[in-house]
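Participant: In this note's numbering, each number is its position in the sequence shown, counted from 1, plus 66. What follows is a structure written as structure tokens; I'll ask about it next.
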Amino acid sequence: MVAATLTPSAPLIQGVSSPEVIVDPGAFYAATRRLRFPMRSLTAIAGLGSTDSTQLRQTGIVGMLEVRIKGTLTFGGTITGTSMTHEWPFNLVRAFRLSANGQSNLISARGLMVRALEYVTNPKIDDTGIAATFGSTAVTTGSLKMPADDWGTSGVNSLNPGATVAATGAYTVDVTYFIPVFAEPVTLIGAVYAQSSATNLSLDIDWNTQAALLTLGGSATLASALSYKVTGVAFSIPQVGGRFVVPDLSQFHQIAEFRQGGLAQGLNEPLLPGTGVGRKLLRLGFNVYSGSTPAPLALNDTNYSTVGWAYGGNDVPESYAAGGDLRAHNFRGSGVDLGGNWGIGMWDFASQFALRDVVDEGMTSDLRVQIGLVSSPTSGFAQIFQETLFAAPVGA
């Protein structure tokens with residue numbers, strides 16, 4: 067058991083004032099209780115292209131959030147020429163943005179990457195055998211679909227990424243997302259201390275635009291009636307021996323994504339922003355889009371040559387000679403085909419042996435991802451994400 071440490075009177079935990087507490091992970095784990103409660107009841111979204119904000123409850127230690135989106139998309143008029151883009155369905159959420167206690171954008175990522183990370187970090191879920199359609203192709207693996215998902219159903223017709231809309235009608239939609247506030251569910255490292263009136267914890271949901279999600283035929287119409295709700299999973303702060311006890315909350319967890327344009331044939335090396343002393347890189351990933359209506363490039367040998375990550379002048383700790391090599395490695399590590407349909411490639415430094423494998427960003431100047439492209443993409447760009455831990459403010 068970790069030795070108990072008494073914090074000073076009126077300490078700061080993650081930058082906010084708190085009662086006197088003891089940092090005692092062992093006592094906390096034995097006495098805490100998991101809590102699940104609504105942070106936002108089912109509410110109509112502000113509209114495609116808008117932002118909805120939720121002020122989260124000041125209760126316990128917040129470990130995760132679940133967002134469920136449901137409703138209908140109703141197509142009318144003459145449907146000819148109408149199709150969904152590859153932003154559908156997961157990037158209906160253009161960005162989840164979580165801010166806490168003065169730290170803006172702890173989470174700043176698209177819905178697709180949030181769903182992909184859930185598959186990577188939770189070995190209990192698997193999309194193998196779940197029927198889906200990607201473009202015009204029926205698939206039973208690599209869709210990142212879950213049995214409870216409804217990507218859009220109207221009778222025998224459905225809405226699918228990169229596919230035409232077959233008929234007019236009201237299509238039911240139901241998609242859920244798991245947002246990991248913590249970096250690890252057992253220790254709760256990276257979770258947010260919320261048991262204070264000074265806590266400011268908010269979730270913004272940026273909804274994608276209609277133009278990004280679909281192309282309407284010349285005389286087709288669309289009516290969107292979507293709603294969302296937010297559920298929080300938190301952990302109570304127990305009293306043990308007359309003192310409140312908490313786990314180690316000395317670090318924040320961040321998932322940040324950015325877009326890199328100007329990709330060309332050959333080796334592209336986008337630098338990772340925001341790196342520095344005190345940051346530990348847990349995971350690094352990307353996918354590349356090409357085309358006037360952007361579609362993800364499958365992670366295979368046809369599209370990719372060298373893929374890796376590097377730092378300094380020419381230090382390349384991990385490199386794969388072709389895209390198919392990384393795709394196979396990712397499947398072995400996660401049990402899901404990240405690269406076949408959505409074109410996602412990932413380096414996971416945390417799942418197997420984090421203490422050994424995580425990357426110390428303070429020791430790796432000019433940290434960058436290497437994306438080797440066999441051919442120049444059309445209007446190509448990459449979506450690149452990094453998942454990190456960094457020190458939270460503490461003190462009296």
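Virtual Cβ for every residue (Gly too), placed ideally from N, Cα, C. No experiment lies behind these values; they were computed from the predicted model shown.
Return the chain-ordered list of same chain residues with a C-beta closer than 6 Å to the C-beta of residue 461, the five sequence neighbours on each side being excluded.
Facilitator: Here residue 461 is taken as the residue at index 395 of the sequence shown, counted from 1. Confidence is the limiting factor: at residue 461 the pLDDT is only 47, short of 50, which leaves the residue's position unreliable and the question unanswerable from this model.
Participant: For residue 241, which residues from the same chain have a beta carbon less than 6 Å from its beta carbon, with the 5 sequence-adjacent residues on both sides left out?
Facilitator: Residue 241 sits at position 175 when you count from the first residue of the sequence shown. 135, 155 and 215, listed in sequence order.
Participant: Does residue 400 pass the burial test, meaning 16 or more other C-beta atoms within 10 Å, or should it be called exposed?
Facilitator: Locating residue 400 in the sequence shown gives position 334, counting from the first residue. With 16 or more Cβ atoms within 10 Å of its Cβ, residue 400 is classed as buried.
Participant: Just list the beta strand (DSSP E) runs in the segment 78 to 163, keeping only unbroken ones of 3 residues or longer that don't cross its boundaries, in chain order.
Facilitator: Whole beta strand (DSSP E) segments, 3+ residues: 87 to 89, 100 to 110, 117 to 121 and 127 to 143.
Participant: Out of 238, 108, 177 and 121, which one is the CA nearest neighbour of residue 222?
Facilitator: Here residue 222 is taken as the residue at index 156 of the sequence shown, counted from 1. Of the listed residues, the one whose Cα sits closest to residue 222 is 238.
Participant: Should residue 343 go down as buried or exposed, given a rule of 16 or more other Cβ atoms within 10 Å for buried?
Facilitator: Taking the first residue of the sequence shown as position 1, residue 343 is located at position 277. Classification of residue 343: exposed, given that the 10 Å Cβ count is below 16.
Participant: Please list, in chain order, all residues of the same chain as residue 373 whose beta carbon is under 7 Å from its beta carbon, the five residues on each side excluded.
Facilitator: By 1-based counting over the sequence shown, the position of residue 373 is 307. The answer, listed in chain order, is 386, 389, 392, 411, 436, 437 and 438.
Participant: Please classify residue 312 as buried or exposed, where buried requires at least 16 neighbouring CB atoms within 10 angstroms.
Facilitator: Indexing the sequence shown from 1 puts residue 312 at position 246. Flag for residue 312 reads buried.
Participant: Which residues in the same chain have their Cβ closer than 7 Å to the Cβ of residue 82, if we skip the five residues on either side of it in sequence?
Facilitator: Walking along the sequence shown from the start, residue 82 turns up at place 16. Cβ neighbours of residue 82 beyond the five flanking positions: 167, 259, 262, 264 and 265.
Participant: Return the CA-CA distance between residue 145 and residue 158, expressed in angstroms with no decimal places.
Facilitator: The residue labelled residue 145 in the question sits at position 79 within the sequence shown. The residue labelled residue 158 in the question sits at position 92 within the sequence shown. Their Cα atoms are separated by approximately 21 Å.
Participant: Alpha carbon to alpha carbon, how far is residue 235 from residue 434?
Facilitator: Indexing the sequence shown from 1 puts residue 235 at position 169. Indexing the sequence shown from 1 puts residue 434 at position 368. Cα to Cα, the separation comes out at about 46 Å.
Participant: Between residue 31 and residue 415, how many whole angstroms is the CB-CB distance? I'm expecting something under 8 Å.
Facilitator: Here the chain comprises residues numbered 67 to 462, so residue 31 is not present and cannot be evaluated.
Participant: Hey, how far is the Cα of residue 370 from the Cα of residue 275?
Facilitator: For the purposes of this step, residue 370 is identified with residue 304 of the sequence shown, where counting begins at 1. For the purposes of this step, residue 275 is identified with residue 209 of the sequence shown, where counting begins at 1. Using only the alpha carbons, I get a separation of about 30 Å.
Participant: Alpha carbon to alpha carbon, what distance is there between residue 362 and residue 322?
Facilitator: Here residue 322 corresponds to residue number 256 of the sequence shown, with the count starting at 1. Here residue 362 corresponds to residue number 296 of the sequence shown, with the count starting at 1. Whole-angstrom Cα-Cα distance: 19 Å.
Participant: For residue 86, is the classification buried or exposed, using 16 other Cβ atoms within 10 angstroms of its Cβ as the cut-off for buried?
Facilitator: For the purposes of this step, residue 86 is identified with residue 20 of the sequence shown, where counting begins at 1. Exposed is the call here.
Participant: For residue 503, does the count of other Cβ atoms within 10 angstroms reach 16, so buried, or fall short, so exposed?
Facilitator: Absent from the model: residue 503. The displayed extent of the chain is 67 to 462, so no value can be given.
Participant: Kindly list the residues whose CB is nearer than 6 Å to the CB of residue 456, restricted to its own chain and excluding five residues on each side of it in sequence; keep chain order.
Facilitator: Start at 1 with the first residue of the sequence shown, and residue 456 comes out as number 390. So the list reads 318, 344 and 345, once near-sequence residues are dropped.
Participant: Helix, strand or coil: how does DSSP classify residue 320 here?
Facilitator: By one-based count along the sequence shown, residue 320 stands at place 254. Three-state result, residue 320: strand.
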